[in-house]
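Respectively, the protein sequence lines represent chains A and B. Heads up: the first sequence begins at 22 in my numbering, then just goes up one per residue. Heads up: the second sequence begins at 22 in my numbering, then just goes up one per residue. Worksheet: one structure, shown below.
2 protein chains.
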Amino acid sequence: MSKGPPTLENGSRPIRILDVAHAAGVSAATVSRALSHPAKVRPETRQRVMETVRRLDYTPNEPARALRAGTARMVLVAVPNLYSGAFFPAVVNAIDAELSANGYTMITGSLEGAEEKARRLVDLVYARQIDGVIILANCSGPLEGRSVLRAGVPVVAISAELRENGHPTVLIDDEACAIAQTQHLLNLGHRRLLYVGGPNKHYNDIHRYRGFRQAIREACLSSAGIRRFEGDFTLASGVAAGLFFLRERPRPTGVVCASDEMAIGFLKTVTAAGVKAPQEVSVIGFDDIEFAEFCEPALTTIHQPRGELGAVGARVLLQRLKGDPTVDKPIVIKGELRVRSSSGPAPSRSSLVS
Amino acid sequence: MSKGPPTLENGSRPIRILDVAHAAGVSAATVSRALSHPAKVRPETRQRVMETVRRLDYTPNEPARALRAGTARMVLVAVPNLYSGAFFPAVVNAIDAELSANGYTMITGSLEGAEEKARRLVDLVYARQIDGVIILANCSGPLEGRSVLRAGVPVVAISAELRENGHPTVLIDDEACAIAQTQHLLNLGHRRLLYVGGPNKHYNDIHRYRGFRQAIREACLSSAGIRRFEGDFTLASGVAAGLFFLRERPRPTGVVCASDEMAIGFLKTVTAAGVKAPQEVSVIGFDDIEFAEFCEPALTTIHQPRGELGAVGARVLLQRLKGDPTVDKPIVIKGELRVRSSSGPAPSRSSLVS
DNA sequence: TTGTAAGCGTTATCAA
DNA sequence: TTGATAACGCTTACAA
């Protein structure tokens with residue numbers, strides 16, 4: 022069926038630049054210029070060429086263009102394995118919008134897990150099919166063998182700290198946000214706190230936990246009533262944290278989570294076990310995903326401007342692709358507290374008998 | 022910085038096939054063969070070549086390969102605008118896994134909305150950068166001008182009915198599932214029902230609403246107590262449906278939703294207004310997204326095997342790409358009822374005073 | 001401002 | 001089985 026030279030559905034061979042050139046009575050070079058550097062061709066000629074392009078429905082062969090020009094106008098966006106998660110799509114969409122508007126195509130994929138898949142993506146950038154890379158959430162992949170960081174294309178990190186520095190970075194103020202989370206509970210009178218974090222070495226968790234501890238310290242709180250649970254940002258690990266909570270005696274009254282999904286998993290688990298929120302336990306999340314407003318009770322959380330995170334990151338990459346040098350200092354975007362119904366005053370002493 | 026011939030970070034020029042050929046003492050043709058048609062080269066030679074490839078860390082230039090071979094090994098997956106939704110990621114991940122395993126790279130993007138973005142994607146397939154297309158949920162985009170369906174590359178539809186037929190299609194049994202939803206409520210004694218659907222002309226909604234009505238008909242139920250609300254599958258439209266419900270007198274006691282997100286938005290809205298679920302209203306969703314288990318009460322719904330949907334669709338496309346002809350009859354995958362806590366017996370007559 | 005011509009790096013044909 | 005050679009379709013010096 023699809024043997025021989027590539028053919029369109031009607032059986033005719035695809036239009037080439039020469040076809041346009043002949044039809045417009047100019048050379049191929051002029052067509053190319055009219056398309057790529059309109060300023061370099063006389064308006065009159067340009068118009069005639071463009072009209073012919075439209076009439077013949079010509080689309081330049083992209084691989085040929087990429088081969089010759091040495092640039093594929095394609096960007097790889099590396100997302101974490103937990104792409105199923107509710108946080109990243111908004112970031113990715115914003116990146117896509119920005120890249121598209123500038124003539125770039127986006128490929129998304131995970132560099133973690135699935136060895137085989139990851140390898141293919143990395144190869145793609147070494148294969149000169151990719152002009153730039155955006156790395157979300159520290160998922161630059163295992164560093165054995167070749168790395169996307171060494172492929173000689175510009176790399177931008179969003180919400181991540183790369184192992185090799187010198188790459189532009191866009192962050193939210195994790196530490197300040199974690200302080201805001203914790204102080205919110207502290208202000209409500211909570212003194213026994215549980216911190217439900219991500220993997221211990223995860224960039225976000227390092228900074229958020231640091232913020233949590235600092236808020237504790239500033240409140241001159243003894244660490245006697247403080248617990249920490251290591252999750253992985255997912256609903257499932259929120260459930261695990263809930264089970265952990267249920268076994269504690271006395272139980273914490275305030276729970277600081279490093280992601281909304283963990284907070285939601287936690288909430289469901291403890292309320293299913295009969296613990297009332299926010300009367301008996303206050304829970305605060307991080308991210309402000311769509312579902313945060315729809316769980317029961319609606320989740321108090323930290324709003325992250327996800328679209329902005331993506332848009333800014335994409336813009337920085339585009340600058341690099343144009344050859345402009347970029348600032349080396351991380352760009353920091355601020356999150357903010359959104360108070361809803363999952364947090365309330367700490368239960369009074371008397372009601373603590375569990 | 023990145024002017025002149027493309028260079029790797031260390032300043033050296035990328036390895037070309039000729040470099041490998043020289044280093045291995047063979048011709049470029051042999052290297053190419055060793056890589057692409059291993060059977061066509063003597064084992065001994067092949068080994069020597071492969072070793073050199075590894076030693077020099079050679080990756081074939083993909084645009085060059087695509088230009089010469091006429092195939093870019095890239096597939097476009099067209100997702101709906103509501104990609105932010107919780108349903109598609111699992112489908113897309115399954116597609117990606119299948120494609121990757123077969124040497125294809127996946128590009129995702131929406132052909133709806135954002136005129137400019139969509140146009141770029143369609144152009145990409147006309148630009149011979151894309152070998153095949155998978156269309157999810159009827160989002161083949163506006164048909165004015167060029168369409169991905171006419172680009173001369175194989176197209177597979179998942180959970181969609183394309184305007185032009187002749188393309189392989191993978192579906193779930195929407196109608197049967199909607200019957201199962203409705204009968205579940207009917208069996209629980211509900212007689213006043215609200216149907217919360219997607220856009221009226223949407224493929225899925227047409228079939229689901231048909232199933233809903235058939236179940237009603239089979240139960241010999243008068244349509245007096247039946248209401249229909251047109252949503253768009255999103256959380257927000259679930260909220261709107263909830264507000265609609267709250268104004269009804271008498272209120273329906275059973276609500277059939279065409280997506281989990283609408284069911285969750287609905288649930289939150291009516292329970293916030295003091296309506297108890299499932300005591301006063303039973304709600305059933307469609308999809309079985311991750312959050313279905315985590316809303317309050319946990320959502321009774323139709324489980325869709327999302328991974329299978331994607332995997333099967335991808336396999337069909339891969340067959341087409343190999344040139345194998347494929348069956349013309351739609352492949353139908355079965356969904357199944359998952360009973361959780363949002364549905365229960367219809368309230369008794371006496372308690373209906375609202 | 002436009003045309004000529006030389007590649008970009010690979011694969012496939014054909015001959016050896 | 002392997003090697004020389006001619007494309008694939010486009011861009012860009014350079015020349016006119």
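Each residue gets a CB set at the ideal place from its N, CA and C atoms; glycine is no exception.
query	result
Of the residues 109(B), 203(B), 37(B), 86(B), which one's Cα is nearest the Cα of residue 328(B)?	109(B)
When burial is assigned at 16 or more other CB atoms within 10 Å of the CB, is residue 202(A) buried or exposed?	buried
Pick out whichever of 238(A), 114(A), 312(A) has its Cα sitting closest to the Cα of residue 256(A).	312(A)
For residue 297(A), is the classification buried or exposed, using 16 other Cβ atoms within 10 angstroms of its Cβ as the cut-off for buried?	exposed
With C-beta atoms as the reference, is residue 213(A) less than 8 Å away from residue 274(A)?	yes
Reducing DSSP to helix, strand and coil, say where residue 30(A) ends up.	Because the pLDDT of residue 30(A) is 44, which lies under 50, any placement of that residue in the model is unreliable, and the number read from its coordinates should be weighed accordingly. Correct three-state label for residue 30(A): coil.
What does DSSP give as the partner residues of residue 324(B) in its beta bridges?	308(B), 357(B)
I'd like to know if residue 137(B) contacts chain A, where contact means its C-beta is closer than 8 Å to some C-beta of that chain.	yes
Grab me the residues of residue 123(B)'s own chain with a C-beta within less than 8 Å of its C-beta, minus the 5 sequence neighbours each way, in chain order.	339
Would residue 82(A) and residue 149(B) be called neighbours here (beta carbons separated by less than 8 Å)?	yes
Rounded to whole angstroms, what is the Cα-Cα separation between residue 261(A) and residue 168(A)?	34 Å
Which residues in chain B have a C-beta closer than 7 Å to the C-beta of residue 87(A)? List them in chain order.	84
Leaving out five residues before and five after residue 38(A) in sequence, what residues of the same chain have Cβ atoms less than 6 Å from its Cβ?	49, 52
Measuring CA to CA, which of 308(B), 314(B), 186(B), 289(B) is closest to residue 302(B)?	289(B)
On a CA-only basis, which of 278(B), 346(B), 334(B) is nearest residue 322(B)? Give me that one, please.	278(B)
Using a Cβ cut-off of 8 Å (strictly closer), state whether residue 196(A) contacts chain B.	no
Figure out for me which residue from 336(B), 231(B), 121(B), 276(B) has the closest Cα to the Cα of residue 364(B).	276(B)
Of the choices 242(A), 230(A), 239(A), 238(A), whose alpha-carbon is the least far from that of residue 249(A)?	230(A)
Assuming residue 253(A) and residue 228(A) are in contact, meaning their beta carbons sit under 8 Å apart, how far apart are those beta carbons, in whole angstroms?	The pair is not a contact, with the Cβ atoms about 16 Å apart (cut-off 8 Å).
Counting only beta-carbon atoms, is residue 356(A) nearer than 8 Å to chain B?	no
Cα-Cα, which of 342(B), 137(B), 368(B) is closest to residue 189(B)?	342(B)
Name the chain A residues whose beta carbon is nearer than 8 Å to that of residue 317(B)?	289, 292, 316, 317
What are the residues in the region 116–145 of chain A lying within 8 Å of chain B by C-beta distance?	117, 118, 121, 122, 124, 126, 127, 128, 129, 130, 135, 137, 138, 141, 142, 144, 145
Taking DSSP as the reference, what is the three-state secondary structure of residue 242(A)?	coil
In the structure shown, what three-state DSSP assignment does residue 39(B) receive?	helix
Buried or exposed, going by whether 16 or more other CB atoms sit within 10 Å of the CB of residue 211(B)?	buried
So residue 96(A) packs on residue 330(A), CB below 8 Å; how close in whole Å?	Going by Cβ atoms, the distance from residue 96(A) to residue 330(A) rounds to 16 Å, so no, they are not a contact pair.
Counting contacts by CB-CB distance shorter than 8 Å, is residue 93(B) in contact with chain A?	yes
Chain B partners of residue 328(A), CB-CB under 8 Å?	Result: empty, since nearest Cβ-Cβ is about 11 Å, beyond 8 Å.
Within its chain, find whatever has a CB closer than 7 Å to the CB of residue 251(B); leave out the 5 residues flanking it on each side and keep chain order.	218, 220, 221
Just to check my reading of the structure: residue 91(A) and residue 198(A) have Cβ atoms closer than 8 Å, yes? What is that Cβ distance to the nearest angstrom?	Incorrect: roughly 42 Å between the Cβ atoms, too far for contact.
Once you ignore the five residues that flank residue 28(B) on each side, which residues in its own chain have a CB closer than 8 Å to its CB?	Low local confidence applies: a pLDDT of 40 at residue 28(B) is under 50, so the model's placement there is unreliable, and no value is given.
Interface residues of chain A around residue 81(B) at Cβ under 8 Å?	148
Of the choices 224(B), 73(B), 107(B), whose alpha-carbon is the least far from that of residue 158(B)?	224(B)
What do you get for residue 280(B), buried or exposed, if any count of 16 or more other CB atoms within 10 angstroms of its CB means buried?	buried
Applying a beta-carbon distance threshold of less than 8 Å, which residues of chain B neighbour residue 285(A)?	312, 315
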